[in-house]
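J.: Questions regarding the structure given below will be posed in turn.
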Amino acid sequence: MSGFAKWFAKRSPLPEMWREHMAEYYAPKNFNIFYYAGSLLLLMLVFQFVSGFLILVHYVPTAGGAYDSVFGIMYDVDYGWLIQYAHVDGVSLIFLLLYMHMARGMLYGSYRAPRELVWVIGYIIYLAFMAEAFFGYILPYSNLSYWAGTVITSLFKSIPWIGGWVTTLVRGGTGISGDTLGRFMALHVALVFLVIVALVVIHILYLHKVGSNNPDGIEIKENKGPDGHPIDGIPFHPYYSVKDLFGFGVWLFIFAAIIFYNPTFFHIFLERTMSTPANALKSLPDVTPPWYLSPFYAMLRSIPNKNGGIILMCVAVLFPFILPWLDRNPVKSTRFRLVTRIMLLVFFANFIMLAYLGEQPPLPQFFLPERLGAAIYVGFFVLLPFVSKMEPTRTPPKRVHYHAH
Amino acid sequence: MSDDSRADDQSPDVTRRRFLTALVSASGAAVAGVMAVPLVTSLYPTAAAQALATTTIDLTPIEPGMQMVALWQEKPIVVVNRTKEMLATLDEVEKKGILRDPDCNVPQQPPYCKNKYRSRVPEWFVGIKICNHLCCIPHYRPKKGSVAPWWLGGFHCPCHGSMYDLSARVIKGSPAPHNMAIAEYDIDLHKMQVVVTKMYPKAHLC
Amino acid sequence: MRIRKKLRRFDMKRLVVVLGLVGFLGSFSPNGYAEAHFELKTPHYAFNKATIAAGAKLFAKRCMSCHSVKYMRYEFMKQDLGMSEADVEKYLMLPNGASFKGGMVSAMPPRMAHKWFGVSPPDLSQIIQYRGQDWVYTYLLSFYRDPATPSGWNNHVFPKVAMPDVLAPWGGIVNGQGKVLKKGSESPAKFKAQVTDIVAFLRFVSDPSVFQRWAIGPWVLGLIAFFTFTAYLLKRQYWKGVK
């Protein structure tokens, strides 16, 4: 075997890539539960690809055939229900992981120098996932698909001068139709998916160049042992490969439990209005977005002015891009910055509250909380430059805080 | 510090790690295997495709002596309502000795059709109307003397002249080597319908 | 030092659990249908194959003249519910020319239905997913006589619905205030049980994978749990030495 290994190593970059990114990639030893999200997202990407491929085998991208083909999978294809539920539930679970992943980044300052680009690329991936989810949402051509598609694509109309032209281009006509399905399928299956995969690879490469952050926010590379490796670091393989394998198991258990025992997850992962075919003459009594887009929708409709709402929503979606440059505290992790930590926890709770509000009917009783929620969301980013500069900050220790487990 | 942990590799630890790794690999392979089952079976023909895989033919409109052609799995099925005279020609043709395989020794038909009628019920012939030579669709020529002076009735292929009797048994001199193939079917004379189910695996269509 | 201790106890695992609970509870949204202000009743029944088969027979007799459940193939009644092919043909395949492998499609031509009722009777394959079983159950029990409507019928759960009270012969007729105008051929309890059976059938049709899921679920979860346990042992073995 060693002969073959030598022959292979001379010809393939894989052995040295394995060493650089796995066997000799020293990661901090104090990763906590949040740090499972990254590898779980990779696992989910594989699951979405496999389940999506097997759905594509049976899917028909026409106005007359789409809905029947999707339900044909549920009824006529062996284990079609399993593949379909896995794909739909996978979307919501991916967004859950994404929010956990981003929350970790915000809590521990993983977006700070030298990791600004890791954050920026990651946030682009988040937006790409939103686009991927949206395009996929329209494909079943249910009534929810039709009206969600109509509402979101009409957002483009507010672009100055070229808005109408862009909207027609996106839709393939004046309204959502079978032509829309064709181009959305192309986007969902080929373009956006490939973009996500490419960005994920780049995201990991950029991370590995500077090394992983950790909950204490201290740079382990600044404290190297006599062998030249960080004292607080451990090689990713075998320590984190084995730990992530355990994480896969726990996650798979949760995923399977949902698919087998509550596949619509209380009709939150798979909304009720997906179970009725598209009807251009009968719009839905309540237009609510999927839960993972709901906070931004709540902010959008909190402004009674159409363009104002769209601008606020765009600002809200784009603000996190500049987070690395808003935080001016010398210390990375909020474990040592109580004020920012509290602001962050308020930000998270507020985000969840906005998600709840976005699902409610547009009644006056919700307007004030929605506006308050939007103010808190934007307020966090506006206040951070000042708070981070002025808040009492404890000095982080030289060594990471780690307890054996 | 991290290297110290790896220096703990005393024999029991390595053995235990090897055992646990093997255990994890085995159970992981089992999980992967279980996950592979729906992946592969979802590619089987769907219930919709299977519904199209059988064809039900209503026999009531077929007059005695007439044929009906119906589509089954993209192939033509011929159903002939054979009269007593037509059934009598099956013996005549055998006596004349012009059939290449009168006893249907080559398995071109399901076992229940291995007889001179090549059908479940003598009056109703159900076969695949494809010439055994190069896959053309032969003509149904029941009238005596129509194709040749000695013609007793049967099928005649316009492409290269293959000839078959009224049980689609091939006549000597035809370029076609075997009798025309018969698919598997069920017949219900109360409901007056034939359900063609699947191909007989041993038969060569053309 | 006190602050330090407080932060320590606020560990990530607890934070995740708390946020998860808040998010979970907060994400429940009320059914947003403006029409359903009428309080919905919940049917109580044992969701098993016998109930569903009984509901299928009732559905075929009383509902299929107008409503299809086209995704439900007759052969699924045999495969998933254990009904015999003879039973399926006798009790379910009532429309002429129905094929055993075909879907349960109503004999009513859609264009005529549109002409007679103003709207085609919708396919009910997914009605339980769309409206929920409480809604469908209450709907079937909430028809009343209303001289003001074109059909003479109205429904508390679905005002001005185009569907007439097809079940009136069995369930009786009431007016808008609930006063019984004509008794049905079944007792109220028996009628409710029949409606429940129909709802059970529709619930099965909405998701026929249910029995398969419950059958293989425990095995799949058990296998994954075993894998996770072995992976945990392996992880612990490697991480023992990490200080």
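Chains as they are written, first to last, in my numbering: chain A, 3 to 407; chain B, 6 to 211; chain C, 104 to 346. Note that CB positions come from ideal geometry on N, CA and C, so glycine has one too. Source: prediction; values computed, not measured.
(1) Might you give, ordered along the chain, the residues of its own chain that have their beta carbon closer than 7 Å to the beta carbon of C/Lys263, omitting 5 neighbours on each side?
(2) Per DSSP, what are the beta-bridge partners of A/Thr266 in this structure?
(3) So with Cβ pairs under 7 Å, would you call B/Ser47 a contact of chain A?
(4) Answer with yes or no whether the minimum CB distance from A/Arg274 to chain C is below 7 Å.
(5) Would you say A/Gly360 faces chain C, with C-beta separation under 7 Å as the test?
(6) How far does the alpha helix (DSSP H) with B/Gln72 in it reach, from first residue to last?
(7) In this structure, how does DSSP classify A/Pro279 when only helix, strand and coil are distinguished?
(8) What does the Cβ neighbour count give for A/Leu272, buried or exposed, with the cut at 16 atoms within 10 Å?
(9) Give every residue of the same chain whose Cβ lies closer than 8 Å to the Cβ of C/Lys108, excluding the five residues on either side of it in the sequence, and list them in chain order.
(10) Quick check: C/Ala334 and B/Val29, are their CB atoms within less than 7 Å of each other?
(11) In three-state terms, what does DSSP make of C/Ile276?
(12) In the structure shown, what three-state DSSP assignment does B/Ala153 receive?
(13) Would you tell me roughly how many angstroms separate the C-alpha atoms of A/Lys12 and A/Ile123, rounded to the nearest one?
(14) Output yes or no for whether 7 Å exceeds the beta carbon distance between A/Pro322 and A/Tyr37.
(15) Using alpha carbons as the reference points, say which of A/Ser156, A/Leu193, A/Pro162 lies closest to A/Gly175.
(16) In chain order, what residues of the same chain lie with their CB nearer than 8 Å to the CB of C/Lys338, ignoring the 5 residues before and after it?
(17) According to the Cβ coordinates, are C/Val191 and C/Lys181 closer than 7 Å?
(18) Measuring straight from C-alpha to C-alpha, what distance separates B/Thr61 and C/His170?
(19) Around the C-beta of B/Val201, are 16 or more other C-beta atoms found within 10 angstroms, so that it is buried, or is it exposed?
(20) Using DSSP bridges, identify the partner residues of B/Ile133.
(21) So what does DSSP say about A/Pro232, is it helix, strand or coil?
(22) In angstroms with no decimal places, state the Cα-to-Cα distance between A/Asp234 and A/Ser160.
(23) If you draw a straight line from the C-alpha of C/Arg316 to the C-alpha of C/Gly325, how long is it?
(24) Name the one or two DSSP bridge partners that C/Gly206 has.
(25) So with CB distances below 7 Å, who are the chain E contacts of C/Thr331?
(26) Thinking just about the alpha-carbon of each residue, which of C/Gly185, C/Ala216, C/Tyr174 is nearest to the one in C/Ala153?
(27) Which residues of chain B have a Cβ atom closer than 8 Å to the Cβ of C/Gln340, listed in chain order?
(28) In whole angstroms, what is the alpha-carbon distance linking B/Asn110 and C/Phe329?
(29) Using a Cβ cut-off of 7 Å (strictly closer), state whether A/Lys400 contacts chain C.
(30) In the region 186-269 of chain C, which residue ranges form an unbroken beta strand (DSSP E) of at least 3 residues, counting only runs that do not cross its ends?
(31) Smallest Cα separation from B/His138: which of B/Lys89, B/Ala173, B/Val74?
(32) Quick one: list the residues of chain A neighbouring C/Gln232, beta-carbon separation under 7 Å, in chain order.
(33) Going along the region 305-322 of chain C in order, which residues come within less than 7 Å of chain B, judged by CB to CB distance?
(34) Does the region 100-107 of chain A come into contact with the region 225-239 of chain A, if we say contact requires no fewer than three beta-carbon pairs (one atom in each stretch) closer than 8 Å?
(35) Return the chain-ordered list of same chain residues with a C-beta closer than 8 Å to the C-beta of C/Lys285, the five sequence neighbours on each side being excluded.
(36) Please report the distance separating the alpha-carbon of B/Ile135 from that of B/Phe160.
T.: Let me lay it out:
(1) Thr252, Asn257
(2) Per DSSP, none; premise fails for A/Thr266.
(3) yes
(4) yes
(5) no
(6) Careful: B/Gln72 lies outside any alpha helix (DSSP H), inside the beta strand (DSSP E) at 72-77.
(7) strand
(8) buried
(9) The predicted model places C/Lys108 with a pLDDT of 45, which falls under 50 and marks its position as unreliable, so this point remains unresolved.
(10) yes
(11) strand
(12) coil
(13) 33 Å
(14) no
(15) A/Ser156
(16) none
(17) yes
(18) 25 Å
(19) buried
(20) B/Ile82
(21) strand
(22) 52 Å
(23) 14 Å
(24) C/Arg176
(25) As a matter of chain content, chain E is missing from the structure shown, whose protein chains are A, B and C.
(26) C/Gly185
(27) Asp18, Arg21, Arg22, Leu25
(28) 57 Å
(29) no
(30) 246-248, 256-258
(31) B/Ala173
(32) Arg274, Ser277
(33) none
(34) no
(35) Ala271, Gly275, Ile276
(36) 10 Å
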